[in-house]
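Trainee: Residue numbers (my numbering): 12 to 267.
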Amino acid sequence: MFQSKDQSNIYSDTPPFQDYHTMSNIALAPLVHQTETFVSRGDLPVLNMDILLCVMKDADERVDMWRVMRTCRTLYCHGIPILLRKQVVITHPGQLRSLWQFLSSDSQKTDRFQYLRSLSLRNLGLRDDTEIVSILVKILQSATHLEHLQLLESEVLSSSTEAIQAVANLGRLRSVLLALYPEDKPEAMRWLQSTNSPISEMIINDWTEEAFILSKLGNLAAYLTTLRLVADTITAADAHFPHLRRLVLRLAAQHI
Numbered sequence: 012m013f014q015s016k017d018q019s020n021i022y023s024d025t026p027p028f029q030d031y032h033t034m035s036n037i038a039l040a041p042l043v044h045q046t047e048t049f050v051s052r053g054d055l056p057v058l059n060m061d062i063l064l065c066v067m068k069d070a071d072e073r074v075d076m077w078r079v080m081r082t083c084r085t086l087y088c089h090g091i092p093i094l095l096r097k098q099v100v101i102t103h104p105g106q107l108r109s110l111w112q113f114l115s116s117d118s119q120k121t122d123r124f125q126y127l128r129s130l131s132l133r134n135l136g137l138r139d140d141t142e143i144v145s146i147l148v149k150i151l152q153s154a155t156h157l158e159h160l161q162l163l164e165s166e167v168l169s170s171s172t173e174a175i176q177a178v179a180n181l182g183r184l185r186s187v188l189l190a191l192y193p194e195d196k197p198e199a200m201r202w203l204q205s206t207n208s209p210i211s212e213m214i215i216n217d218w219t220e221e222a223f224i225l226s227k228l229g230n231l232a233a234y235l236t237t238l239r240l241v242a243d244t245i246t247a248a249d250a251h252f253p254h255l256r257r258l259v260l261r262l263a264a265q266h267i
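Here's what the structure looks like:
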């Protein structure tokens, strides 16, 4: 998540970079940055960039990666793809705002959006928050390399036509999870009619109050290999998915 257990916002670009840091139980030597090398003081060993990058890649928590990145500008630049490689989970508007500020920063003159591959949006309460909706649209418009998207509240897609179009324009999505509210269904599903993404996995939860018509997913027929659907009733007429390999259908009343 973007809010770590011990820092409210680890994605801060606030200078200056730190000269010292500690990661887990490993005490690293005081570091002096000299033309992309680290020089130890006293009898402490030298840790080169390759070793430090491996340490960052093996870190389980983003806050630990961030601590290593902040020791020098070289590690900072190389650490951004590592920082964003795992799923980014957003659970409240403040986190989405922090994500936008971090991704849109041009302090290193790099396109950070290209490294965002997996995004999960949960319980944001977007319906009446136009500022956050605007930020979300900007992120979706810029994250052109996004491959995995989870929308655990369908109001994300019913809040604005710009949000719907931004998702439809994503061209590299491979897996999508939607949790739908009855009042949001028409708008939330509209983007599927125009998306060109090669979506191979589709998960739809909480489709209630009316039958889900599988033919609604017809635009995905060329790529869809996995479909998971939780609905009150399901209509399969005129639905053809020649590449489908895994199908999980559950009635909403049986879903826990």
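Don't be surprised by glycine CBs; every beta carbon is placed ideally from N, CA and C. Keep in mind it's a predicted model, so treat the numbers as computed, not measured.
1) Let me know if L168 comes out buried or exposed under the rule of 16 or more other beta-carbons within 10 Å of its beta-carbon.
2) Span of the alpha helix (DSSP H) holding I91?
3) With distances taken Cα to Cα, identify the nearest neighbour of M213 among V79, L114, N207 and L240.
4) Have a look at A174 and A154 and give me their C-alpha separation to the nearest angstrom.
5) Tell me where the alpha helix (DSSP H) around I101 begins and ends.
6) Taking one C-beta from the stretch 143–151 and one from the stretch 173–189 each time, how about it: are there three or more such pairs within less than 8 angstroms?
7) Let's test the definition: count the other Cβ atoms within 10 Å of the Cβ of R123 and tell me whether it reaches 16, buried, or not, exposed.
8) Name the two residues that bound the continuous beta strand (DSSP E) containing I6.
9) Should L225 and A190 be called a contact, given that it needs their Cβ atoms to be closer than 8 angstroms?
10) Strictly by DSSP, which residues pair up with S205?
11) Which residue marks the beginning of the alpha helix (DSSP H) containing Q161, and which one marks its end?
12) So the candidates are K227, D217, V100 and L235; which of them puts its Cα closest to the Cα of R201?
13) Applying the 10 Å Cβ sphere with the 16-neighbour rule, what's the burial state of E164?
14) Taking DSSP as the reference, what is the three-state secondary structure of N216?
15) Have a look at D75 and L94 and give me their C-alpha separation to the nearest angstrom.
16) Would L262 pass as a contact of D243 if the rule is Cβ separation under 8 angstroms?
17) To the nearest angstrom, how far is it from the Cα of V50 to the Cα of E158?
18) If L132 sits next to L162, beta carbons under 8 angstroms apart, how far is it from one beta carbon to the other, in whole angstroms?
19) Going by the CB atoms, is the gap between I210 and L231 shorter than 8 angstroms?
20) Apart from the five residues on each side of it in sequence, which residues of its chain come closer than 6 angstroms, Cβ to Cβ, to M80?
21) Please report the straight-line C-alpha distance between Y234 and A199, rounded to a whole angstrom.
22) So the beta strand (DSSP E) L132 belongs to, where does it begin and stop?
23) Around the C-beta of T82, are 16 or more other C-beta atoms found within 10 angstroms, so that it is buried, or is it exposed?
24) Please return the same chain residues whose Cβ sits closer than 6 angstroms to the Cβ of S186, not counting the five positions on each side in sequence.
25) Please list the terminal residues of the continuous beta strand (DSSP E) segment that includes S186.
Mentor: Per the coordinate set shown:
1) Per the 10 Å Cβ criterion, buried.
2) Its alpha helix (DSSP H) spans residues R84 to L94.
3) Out of V79, L114, N207 and L240, L240 has the C-alpha closest to the C-alpha of M213.
4) In a straight line, the C-alpha of A174 is about 13 angstroms away from that of A154.
5) Unbroken run through I101 is the beta strand (DSSP E), V99 to I101; no alpha helix (DSSP H).
6) Using a Cβ-Cβ distance cut-off of 8 angstroms, the stretch 143–151 and the stretch 173–189 are in contact, since at least three pairs of beta carbons, one from each stretch, lie closer than that value.
7) Counting the other CB atoms within 10 Å of its CB gives R123 a total of 16 or more, which places it among the buried residues.
8) Absent from the structure is residue 6, since the part of the chain shown begins at 12 and ends at 267.
9) Taking 8 angstroms as the Cβ cut-off, L225 and A190 do not qualify as a contacting pair.
10) Partner(s): none; S205 has no beta bridge.
11) Q161: not part of any alpha helix (DSSP H); member of the beta strand (DSSP E) spanning H159 to L162, first to last residue.
12) Distance from the Cα of R201 is smallest, within the candidate group K227, D217, V100 and L235, for K227.
13) Looking at its Cβ environment, which holds 16 or more other Cβ atoms inside 10 Å, E164 is buried.
14) DSSP places N216 in strand when its eight states are reduced to three.
15) Computed Cα separation, rounded: 10 angstroms.
16) Between L262 and D243, the C-beta spacing is below 8 angstroms.
17) The predicted position of V50 is uncertain, since its pLDDT is 40 and thus under 50; no value can be drawn from it.
18) The distance from the Cβ of L132 to that of L162 is about 6 angstroms, consistent with a contact at the 8 angstroms cut-off.
19) Result yes, Cβ atoms of L231 and I210 sit closer than 8 angstroms.
20) Cβ neighbours of M80 beyond the five flanking positions: L86, Y87 and G90.
21) In this structure, the straight-line span from the alpha carbon of Y234 to that of A199 is close to 20 angstroms.
22) Where L132 is concerned, the enclosing beta strand (DSSP E) stretches over S129 to L132.
23) Looking at its Cβ environment, which holds 16 or more other Cβ atoms inside 10 Å, T82 is buried.
24) Taken in chain order, the residues that qualify are H159 and E212.
25) Segment S186 to A190, the beta strand (DSSP E) holding S186.
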